[in-house]
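Going down the list, the protein sequences come from chains A and B. Numbering follows the working numbering, in which position 182 of the first sequence is assigned residue number 182; successive positions increment by one, without gaps. Numbering follows the working numbering, in which position 232 of the second sequence is assigned residue number 232; successive positions increment by one, without gaps. A virtual CB, placed ideally from N, CA and C, is assigned to each residue, including glycine. A quick note: this is a predicted structure, and the numbers were derived from the prediction, not measured. Structure, as structure tokens:
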Amino acid sequence: MLTIKNLHASAGGAEILKALDLEVKSGEVHAIMGPNGSGKSTLAHVLAGREGYDVTEGHVTFDGQNLLDLSVEERACAGLFLGFQYPVEIPGVANNYFLRASLNAIRKARGEEELDAMDFLGLLKKKAALVEMDPKFLTRPVNVGFSGGEKKRNEILQMAVLEPKLAVLDETDSGLDIDALRVVSKGIESLRSPEHSIVLITHYQRLLDYVVPDVVHVFAGGRIVQSGGKELAIELEKNGYAAFESAASA
Amino acid sequence: MSTREIKDLTRRDYQYGFVTDIESDSAPPGLSEDIVRFISAKKNEPEWLLDWRLKAYRSWLEMTEPKWAAVSYPPIDFQSISYYSAPKSKTDGPKSLDEVDPELLETYKKLGIPLHEQEMLAGVAVDAVFDSVSVATTFKGKLNDLGIIFCSFSEAVQEHPELVRQYLGSVVPITDNFYAALNSAVFSDGSFCYIPKGVRCPMELSTYFRINAANTGQFERTLIVADDGATVSYLEGCTAPQRDENQLHAAVVELVALEESNIKYSTVQNWYPGDKNGKGGIYNFVTKRGKCAGRNSKISWTQVETGSAITWKYPSCLLQGDGSVGEFYSVAVTNNYQQADTGTKMIHIGKNTKSTIISKGISAGHGQQTYRGLVKVLKGAENARNYSQCDSLLLGDQCGAHTVPYLEVKNPSAHVEHEASTSKISEDQVYYCQQRGLSAEDAVSLIVNGFCKEVFRELPMEFAVEAQKLLGVTLEGSVG
């Protein structure tokens with residue numbers, strides 16, 4: 001699904017990703033854990049194609065295509081979804097309207113028929129129930145006046161509606177209380193299937209109690225320094241990142 | 001998404017206007033009493049109207065062009081303009097839509113304009129518009145049954161001189177301002193509408209208007225009177241791009257609302273704005289004012305201004321009747337080198353009068369925009385209420401937005417609130433939309449439409465949809 005080879009990327013003149021390698025197969029759930037400032041979010045934005053991040057070396061293949069050749073929206077239409085760490089507010093644009101525009105843009109790019117308002121509403125209601133979102137949020141402007149937890153839940157709702165091939169979720173669990181974490185996890189789990197892959201970027205092991213990853217990576221100094229199973233996350237939680245950071249700088 | 005890209009997106013060519021060379025019976029350039037007499041005679045007007053025009057002309061001679069607006073343009077030579085031109089026939093127009101610029105048609109399609117209206121707008125020869133003529137006749141019959149008068153201004157002068165005489169100039173006096181005086185002296189034609197007591201006009205006076213009064217000239221005059229308890233919704237202009245050989249437009253619109261009546265006046269203005277270097281384009285100097293003369297009457301202005309090189313326009317309300325209500329909802333877009341100085345005046349005269357102002361300004365390219373608004377509460381206006389909200393949205397870093405609110409409050413019981421904001425479309429917002437599969441153009445369009453939502457929801461339904469599309473087309477260059 002996703003193959004990253006020797007990826008180097010910089011932002012604002014500083015090299016942040018340094019010789020990163022990562023392989024995510026169809027149906028796999030990967031967790032990327034690492035200390036603040038290690039470049040986890042940079043990886044998410046480089047994958048999404050955000051301007052201001054320069055890839056200086058390396059290759060990224062997504063679903064058979066050279067990902068780096070595609071524009072932001074082409075990547076999205078190809079099935080790459082980024083769950084934002086800080087979801088953006090769009091005043092005056094209703095959440096349901098935005099999401100329908102999004103879904104239809106993606107369907108159109110794929111050569112599928114656009115959904116009319118009625119069909120979309122049916123789908124949206126089902127997905128909103130899945131993430132236990134109060135219907136009143138659907139008609140409110142995108143993320144405006146939402147609490148931190150509501151914004152994250154909204155990201156998961158969007159993911160559930162768009163059903164991307166690969167979801168990269170950037171600290172979706174930060175700032176969630178226990179109940180919200182359970183709901184968000186349920187949303188993430190619902191995407192899990194042999195056709196969909198998920199990359200969870202997180203600081204904490206607690207999300208991984210609900211969404212058990214196939215692979216855990218430790219991210220430090222702009223690359224992956226160790227990979228393992230779920231037990232690696234537990235070890236990190238106990239011993240911290242210090243040992244890995246020194247390994248990365250060595 | 002960089003500022004540069006946003007700039008590229010908002011830069012587009014206006015290729016969709018058109019010039020139809022109508023054989024005209026026009027007066028030589030220049031303005032004099034003789035020309036005023038000539039116009040009046042051509043239109044077979046009664047003596048009192050000629051006198052009224054002459055009085056306006058003499059006042060105009062004494063007046064100077066207003067210079068306080070934040071717009072700049074080369075001096076206008078009023079003696080080089082021809083003040084009368086009567087359209088005779090359309091024989092030079094295209095014979096069918098096949099002869100019309102395909103890009104123009106594409107724009108019409110994007111705006112969702114019905115086929116027969118496209119033909120009319122593109123100046124297709126008359127017989128092709130047969131359908132719409134019969135539609136218009138049906139409307140006319142329906143309005144007649146209710147006693148509603150809706151006709152061209154010239155017709156009203158002939159058929160209903162007593163009504164015209166009673167109300168003409170009663171809201172915008174001939175000496176009101178330079179351009180209003182000029183208009184009063186030489187106005188060509190326009191619309192007249194009278195809704196009798198207790199009648200609720202059963203349709204938006206939009207479709208009818210759009211079919212019938214496309215070209216009323218550069219000095220348009222509109223007068224709408226709603227008698228006691230009457231209700232009317234009137235729509236002027238259209239989203240289709242319009243080009244005109246006359247650079248100067250100075251229209252006057254007067255609205256009179258009597259007791260318990262309600263007038264809703266919506267405008268969509270999309271005149272040729274000039275090219276991206278600021279060459280050409282219409283100068284639009286308009287005086288629009290409504291008088292809430294009767295108790296509990298209401299006048300609501302809604303405008304979407306996307307065209308013209310220069311816009312100078314302040315649709316206003318005189319809230320004379322006790323309990324009367326004035327509203328102003330505006331979206332103004334300035335792109336490339338367009339300049340707009342626009343806003344409103346709410347004059348609270350009666351007791352318990354209420355006004356609301358919602359203004360949304362969008363500047364892109366090198367566009368400059370000023371909101372200029374006056375809220376005036378006179379001494380006798382007990383318990384007056386006003387709420388004003390002026391928001392500006394900037395696209396790119398070469399454009400400007402300015403807000404100039406004037407408040408004059410002479411009664412201590414008044415409540416006057418003013419809120420203003422200026423924001424930019426953030427790169428984060430565009431990126432977020434793109435990550436959800438939308439193109440940068442669609443993202444900008446979506447964000448801008450969200451910004452304007454409070455105004456669009458005041459527009460008649462079908463026009464709100466068109467206005468949204470228009471905004472997209474105006475800002476994105478996404479034609480084709």
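Alpha-carbon spacing of residue i relative to residue j, whole angstroms
i, j, result
"A/Ala-78", "A/Arg-110", "8 Å"
"A/Leu-115", "A/Asn-104", "6 Å"
"B/Ala-213", "B/Glu-236", "Its pLDDT being 38, under 50, B/Ala-213 is placed unreliably by the model, and the measurement read from it follows with that caveat. Their backbone Cα atoms lie some 10 Å apart in a straight line."
"B/Cys-292", "B/Ser-359", "21 Å"
"A/His-217", "A/Leu-47", "17 Å"
"B/Asn-44", "B/Pro-161", "12 Å"
"B/Val-253", "B/Ala-70", "23 Å"
"A/Ile-4", "A/Gly-92", "38 Å"
"B/Gly-367", "B/Asn-262", "35 Å"
"A/Gly-13", "A/Glu-51", "13 Å"
"A/Arg-182", "A/Met-1", "27 Å"
"B/Pro-405", "B/Gly-373", "5 Å"
"A/Ile-32", "A/Tyr-241", "13 Å"
"B/Ala-420", "B/Ala-332", "15 Å"
"B/Glu-427", "B/Gly-437", "15 Å"
Same chain only: Cβ atoms within 8 Å of residue i, ignoring 5 sequence neighbours per side
i, result
"A/Ala-117", "Arg-100"
"B/Ala-27", "Ile-35, Phe-38, Ile-39, Ser-82, Tyr-83, Tyr-84, Ser-85"
"A/Ala-233", "Ala-31, Met-33, Gln-205, Leu-208, Pro-213, Val-216"
"A/Ser-227", "Val-215, Val-216, His-217, Val-218"
Pair within 8 Å by beta-carbon distance, residue i and residue j
i, j, result
"B/Leu-407", "B/Val-430", "no"
"B/Thr-306", "B/Asn-277", "no"
"B/Arg-289", "B/Leu-319", "no"
"B/Asn-336", "B/Ala-251", "no"
"B/Val-36", "B/Ala-226", "no"
"B/His-249", "B/Tyr-272", "no"
"A/Lys-40", "A/Gly-49", "no"
"B/Gly-280", "B/Glu-259", "no"
"A/Val-184", "A/Asp-170", "no"
"B/Ser-59", "B/Thr-231", "no"
"A/Val-142", "A/Ile-106", "no"
is_contact[residue i, chain B] using C-beta, thresh 8 Å
i, result
"A/Ser-102", "yes"
"A/Ala-109", "yes"
"A/Glu-112", "no"
"A/Val-92", "One detail in the question is off: residue 92 of chain A reads as Gly in this sequence, not Val. It does: the Cβ of A/Gly-92 has a partner Cβ on chain B nearer than 8 Å."
"A/Gln-158", "yes"
"A/Glu-163", "no"
"A/Glu-15", "no"
Close beta carbons around residue i, own chain, < 7 Å, minus the five adjacent residues each side
i, result
"B/Lys-453", "none"
"B/Met-63", "Phe-178, Ala-181"
"B/Lys-410", "Val-377, Leu-378, Lys-379"
"A/Met-133", "Arg-153, Leu-157"
"A/His-45", "Tyr-53"
"B/Arg-53", "Val-36, Ser-40, Ser-184, Ala-185"
Other residues of its chain near residue i: CB distance less than 6 Å, five sequence neighbours each side excluded
i, result
"B/Lys-354", "Val-325, Arg-385"
"B/Glu-417", "Tyr-387"
"B/Gly-190", "Phe-153, Thr-216, Glu-220, Arg-221, Thr-222"
"B/Ser-233", "Glu-204, Lys-264"
"A/Arg-223", "Lys-18, Ala-19, Leu-20"
"B/Trp-301", "Tyr-265, Pro-315, Phe-328"
Opening and closing residue of the alpha helix (DSSP H) in which residue i lies
i, result
"A/Pro-91", "Premise fails: A/Pro-91 lies in the beta strand (DSSP E), 90-94, not in any alpha helix (DSSP H)."
"B/Tyr-73", "Here B/Tyr-73 belongs to no alpha helix (DSSP H), and DSSP marks it neither H nor E."
"A/Met-118", "117-130"
"B/Lys-354", "No alpha helix (DSSP H) contains B/Lys-354, which is instead part of the beta strand (DSSP E) from 354-363."
"B/Ala-56", "47-62"
The beta strand (DSSP E) enclosing residue i, as first and last residue numbers
i, result
"A/Lys-5", "2-11"
"B/Asn-383", "No beta strand (DSSP E) holds B/Asn-383; DSSP gives it neither H nor E."
"A/Asp-173", "No beta strand (DSSP E) holds A/Asp-173; DSSP gives it neither H nor E."
"B/Ile-299", "298-305"
Minimum Cβ-Cβ distance from residue i to chain A less than 8 Å
i, result
"B/Ile-447", "yes"
"B/Tyr-371", "no"
"B/Tyr-329", "no"
"B/Arg-221", "no"
"B/Arg-436", "yes"
"B/Ser-363", "no"
"B/Ser-359", "no"
"B/Phe-451", "yes"
"B/Ser-421", "no"
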